[in-house]
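2 protein chains.
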Amino acid sequence: MKPRVGHIQFLNCLPLYYGLVKSHALLDIELIKGNPTELNNLLINGKLDISPISSIEYARNYKSLMLFPDFTVSSDKEVKSIILLSRYPLDRLPGKKIALTSTSATSHVLLKLIFNAYNIKPEYFVAPPEPEKMLSESDACLLIGDVALKYYLNGKSMYVYDLGYEWNKLTGHKMVYAVWAINKDFAINKKELCKYVFDLFKKSMDYSMDHLQEISDYAERWEPFSSNSMMEYFRSLHFGFEEEYQKGLLFFYNKAAEIGELSYIPELEFFDIYQDIKR
Amino acid sequence: MKPRVGHIQFLNCLPLYYGLVKSHALLDIELIKGNPTELNNLLINGKLDISPISSIEYARNYKSLMLFPDFTVSSDKEVKSIILLSRYPLDRLPGKKIALTSTSATSHVLLKLIFNAYNIKPEYFVAPPEPEKMLSESDACLLIGDVALKYYLNGKSMYVYDLGYEWNKLTGHKMVYAVWAINKDFAINKKELCKYVFDLFKKSMDYSMDHLQEISDYAERWEPFSSNSMMEYFRSLHFGFEEEYQKGLLFFYNKAAEIGELSYIPELEFFDIYQDIKR
Chain X
1 MKPRVGHIQF LNCLPLYYGL VKSHALLDIE LIKGNPTELN NLLINGKLDI SPISSIEYAR
61 NYKSLMLFPD FTVSSDKEVK SIILLSRYPL DRLPGKKIAL TSTSATSHVL LKLIFNAYNI
121 KPEYFVAPPE PEKMLSESDA CLLIGDVALK YYLNGKSMYV YDLGYEWNKL TGHKMVYAVW
181 AINKDFAINK KELCKYVFDL FKKSMDYSMD HLQEISDYAE RWEPFSSNSM MEYFRSLHFG
241 FEEEYQKGLL FFYNKAAEIG ELSYIPELEF FDIYQDIKR
Chain V
280 MKPRVGHIQF LNCLPLYYGL VKSHALLDIE LIKGNPTELN NLLINGKLDI SPISSIEYAR
340 NYKSLMLFPD FTVSSDKEVK SIILLSRYPL DRLPGKKIAL TSTSATSHVL LKLIFNAYNI
400 KPEYFVAPPE PEKMLSESDA CLLIGDVALK YYLNGKSMYV YDLGYEWNKL TGHKMVYAVW
460 AINKDFAINK KELCKYVFDL FKKSMDYSMD HLQEISDYAE RWEPFSSNSM MEYFRSLHFG
520 FEEEYQKGLL FFYNKAAEIG ELSYIPELEF FDIYQDIKR
């Protein structure tokens, strides 16, 4: 059976997808698309073999997972597509109602940590990612993905806070929003396929990093964003998992544990791509 | 927005998929995979713009649809993946219980017509496509797709009736199991995109018809079928919609109406690919 691989259906993962299409990889993996919450559930319930997973959910389910090396959705500072859209400036938000998008997990915790640092204690509720509906029942809403990017780029009538930027301003750390993980059973029993998918991903991502202008032009054809803004968006994102990003993630886990969002801080256990794998 | 295009996740549609991957078409259409029943529902409920649809369901919903020209899943005689798997020979089935796969619509009617011709009047019930479970509560089961093909090729311990073969033997007609249809609103308002998808499909299918051996070899890598049996399978299928197939389909509709499975026999209303479409 082909490896069942999750894919975040947001523009932040378009570079990976673009490379996978260009290399014909979709013949050799079964790609299942969804939003982060949907993919989290599918991976945790064993319906996916390899998938992006919200970084906070990896930590909550680390026992049944192994990290797929080298791939994340991260940012150094600005992320542009994880935002708080607010009627009020931050300092006037204490005690207000905040709607959290149901499509995300990491950003819920990230927002709580940022609010915590400013001693803001609002009331939260989770809702589908429909900003107008969310704001009819709240004073600010947390959005991720393409709908967030749209408000980030065009939202002039409200306050827009970029959570990646705010986090870095507060802590100096880089932030890892999603990691890729392998179901541990699959990682143990299907080493060869893990390596195979890793190589497909690597090749695809290398291709895409060399063709970001082409991908931005392509995105403009189908999406409500200009090629220029797509290019800037891709440049603000980071897809690797270098030491600085690992450090940032562990820092985030520590802070999440402090506010009770994590009961245990796992080590980052990576699948060893270079182990001796029999074919 | 990219056109939302349905795709039957059975090996009978692998040639089309293979061509779509090879031509990078998956960058320009949003492909939604499912079994025929799932796709029927998505198309009829407006969640897909263009999709394969069971031929009987096209007739039942013709008012809101237009046919996408030149593409079907059909057979002249043998189809190999629409079978009745039975403990008894046909002439010993009257009065028995028959389980019908929940993934199909056309084949339910086709089986009833074949039984009718032989004056066989069993009791039917619909069940998920799990042959062992189906046969624990019935004497024969109707299967389609890859699971049917598996029994067609390997099922030695039971009677296997190929419904395409049986239908042709009875009527002399070719049989069209699925057509591709466009949501009428989309066909009227997005003519350019319809033509665009048609051209992608045409190019993909032309590529695949020239590379059936390569596709059969590829299928052997991931599927429990040999390259040879895949090649023979692809050759028994027919993907065009020539006059003889249209005639066969209308004959089937007439027969379906006679047993009350259709209340009206629609004309075959095709989207005109060659109309003057402004770009």
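As you go down the protein sequences, you meet chains X and V in turn. The numbering used here puts the first residue of the first sequence at 1, with every later residue one more than the last. The numbering used here puts the first residue of the second sequence at 280, with every later residue one more than the last. Note that the Cβ used here is the ideal one computed from N, Cα and C, for glycine as well. The model shown is predicted, which means the values in this text are computed figures rather than measured ones.
- The DSSP-derived three-state label of F198/X is helix.
- With a cutoff of 8 Å on beta-carbon distance, S55/X and Y159/X are scored as not near each other.
- In this structure, S515/V lies away from L432/V, with their beta-carbon atoms at least 8 Å apart.
- Rounded to the nearest whole angstrom, the C-alpha separation of L268/X and I377/V is 54 Å.
- Shown here for F550/V: same chain residues with a beta carbon closer than 7 Å to its own, the five before and five after excluded, namely M345, L346, F347, P348, I461, A466, C473 in chain order.
- The continuous beta strand (DSSP E) containing G34/X extends over residues 30-34.
- In the three-state reduction of the DSSP assignment, D355/V falls in the coil class, being assigned neither a helical nor a strand state.
- Pairwise C-beta distances place the segment 161-175 of chain X out of contact with the segment 44-51 of chain X, as fewer than three of them are shorter than 8 Å.
- Checking the DSSP bridge columns, you'll see K376/V partnered with E402/V.
- In this structure D478/V is exposed. Its beta-carbon is surrounded by fewer than 16 other beta-carbon atoms within 10 angstroms.
- Taking 8 Å as the CB threshold, H286/V stays off the interface with chain X.
- At a cut-off of 8 Å between beta-carbon atoms, L27/X makes contact with chain V.
- If you ignore the 5 residues before and after K400/V, its C-beta comes within less than 8 Å of the C-beta of P373, G374, F394, all in its own chain and listed in chain order.
- Closest in C-alpha terms to E38/X, from the list H7/X, H24/X, S216/X, P15/X, comes H7/X.
- Residue nearest to T351/V within the set R500/V, Y553/V, F480/V, E499/V is F480/V (criterion: CA-CA distance).
- The continuous beta strand (DSSP E) containing I461/V extends over residues 454-462.
- Residue contact check for K203/X against chain V: no CB pair falls below 8 Å.
- Close partners of Y18/X in chain V (Cβ separation under 8 Å): L306.
- In the DSSP assignment, H286/V falls outside any alpha helix (DSSP H) and within the unbroken beta strand (DSSP E) covering 283-287.
- Its chain contains V358, I361, I362, L363, S386, L389, L390, I393 as the residues whose beta carbon lies nearer than 7 Å to that of L442/V, once the 5 sequence neighbours on both sides are disregarded; these appear in chain order.
- Assignment of beta-bridge partners to M66/X by DSSP yields I182/X.
- Three or more beta-carbon pairs separated by less than 8 Å are not found between the segment 286-298 of chain V and the segment 253-264 of chain X, which leaves the two stretches without contact.
- When DSSP states are grouped into helix, strand and coil, L85/X belongs to the strand group.
- The beta carbon of A304/V sits closer than 7 Å to those of L479, S483, all from its chain and outside the five residues before and after it, given in chain order.
- Residue contact with chain X for H490/V: absent (no Cβ-Cβ distance below 8 Å to any residue of chain X).
- Taking a Cβ-Cβ threshold of 8 Å, the residues of chain V close to K2/X are W501, in chain order.
- In terms of beta-carbon proximity, V21/X lines the interface with chain V, with at least one pair separated by less than 8 Å.
- For a Cβ distance threshold of 7 Å, nothing in chain X lies close to Y512/V: the least Cβ distance comes to about 18 Å.
- Around the beta-carbon of S383/V, 16 or more other beta-carbon atoms lie within 10 Å, marking it buried.
- In this structure, K281/V and I308/V form a Cβ contact; the two beta carbons are roughly 6 Å apart against a cut-off of 8 Å.
- Nearest Cα to G145/X within the set P131/X, L135/X, Q213/X, G248/X: P131/X.
- C420/V is bridged by DSSP to L364/V, A378/V.
- Here N12/X is buried: its Cβ has 16 or more other Cβ atoms, across all protein chains shown, within 10 Å.
- Its chain contains N61 as the residues whose beta carbon lies nearer than 6 Å to that of I44/X, once the 5 sequence neighbours on both sides are disregarded; these appear in chain order.
- Contact with chain V is absent for Y151/X, since none of that chain's Cβ atoms lies less than 8 Å from the residue's Cβ.
- Interface residue (Cβ-Cβ distance to chain V less than 8 Å): Y218/X is classified as such.
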